[in-house]
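Chemist: Heads up: the sequence shown begins at 2 in our numbering, then just goes up one per residue. Don't be surprised by glycine CBs; every beta carbon is placed ideally from N, CA and C.
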Amino acid sequence: MIRLGHAILRIVLITGVAFFCSCKGDSSSVPGPDGTLPVSSGELPSLVSVLPGLASEPPGSAFVMAVTSVREGKVLLETGAEPDDLLEFGWIHSVEHFPWTEFFSIAADGSLILREMRVRGYGAGIPHQRSAQVRTEDGWIISSGIDETFPSYNWINSHIAVGQVRLNGTLLFTGSDFPHHEALELRVEPRRRP
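1) P34 by DSSP, collapsed to three states: which one?
2) Which residue's Cα is closest to the Cα of L78: F90, V68, H160 and P84?
3) What would DSSP say about G74, mapped onto helix, strand or coil?
4) Kindly indicate which three-state DSSP category D178 falls into: helix, strand or coil?
5) Below 8 Å CB to CB, which residues in the same chain sit around I147 once its five sequence neighbours on both sides are set aside?
6) For E186, which residues in the same chain have their Cβ closer than 6 Å to its Cβ, ignoring the five residues on either side in sequence?
7) With distances taken from CA atoms, which of P100, L88 and D139 is nearest F151?
8) Using DSSP's beta-bridge definition, name the partner residues of Y154.
9) Cβ atoms of V163 and T175: under 9 Å apart, would you say?
10) Sort A82, G74 and V76 by Cα distance to N169 and report the nearest one.
11) In terms of residues, what are the limits of the beta strand (DSSP E) holding V96?
12) Would S120 be called buried (16 or more neighbouring beta carbons within 10 Å of its own) or exposed?
13) If you follow the beta strand (DSSP E) that E83 is part of, which residue opens it and which one closes it?
14) Just mark D1 as buried or exposed, buried being the case when its beta carbon has 16 or more other beta carbons within 10 Å.
15) I'd like to know whether the C-beta atoms of N158 and P180 end up nearer to each other than 9 Å.
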């Protein structure tokens, strides 16, 4: 099992493909024209390059965030998380082929609250009336104040469409880190104390 440090994950399931995005609210977490999010040389390039035990989750974290294979029940990623952590998922729309980013926060009960989404346009499966607060900024259509709550998030992983998933700005994984076309679930649960 690979354990990584604090991060936030946002996932969106559109037309059978999930898209992830991480948002800190500054320009460093805004996807470029090709849909990729900036990654500094100090960030982990992928989960497969990290040896188990090399990175660890914070010992006192309130929650455990896990990505699990639905078919096998195997935990593919586990990390610590806290209430109000930010999860960002960036991906490429499967039909329109433009970047899409969603931002979630973790609620006090571990549920995921969709706070904001950023898209480069509208098309198949893109909710255009999801929020009363819509603005444009640097070519992005930004819907904020969405505040939809999800107990967990399920998606079909894609090596092509899933960009980068970040927790509090730290890279957690990319689509190519997990099996292609595999049903996955992300769930945040209270840490069990010994």
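Modeler: Per the coordinate set shown:
1) Confidence at P34 is low in this model, with a pLDDT of 44, below 50, so its placement is unreliable and no value can be given for it.
2) For L78, the nearest C-alpha among the options comes from V68.
3) In the three-state scheme derived from DSSP, where H, G and I count as helix and E and B as strand, G74 is classed as coil.
4) Correct three-state label for D178: helix.
5) Within the same chain, I147 has close Cβ partners L115, R116, E117, M118, R131 and S132.
6) Closer than 6 Å at the Cβ level, and outside the excluded window around E186, lie T69, V71, S153 and N155.
7) Closest option to F151, Cα to Cα, is L88.
8) According to DSSP, Y154 bridges with L187.
9) It is a contact, given that the beta carbons lie within the stated cut-off.
10) Comparing Cα positions, the closest option is A82.
11) No beta strand (DSSP E) contains V96, which DSSP labels as neither H nor E.
12) First, the residue type needs correcting, since residue 120 is Val and not Ser in the sequence shown. Counting other Cβ atoms within 10 Å of its Cβ, V120 reaches 16 or more and is therefore classed as buried.
13) Careful: E83 lies outside any beta strand (DSSP E) and carries neither H nor E.
14) Lying outside 2 to 195, the shown extent of the chain, residue 1 is not represented and no answer is given.
15) Taking a C-beta distance under 9 Å as the contact criterion, N158 and P180 qualify as a contact pair.
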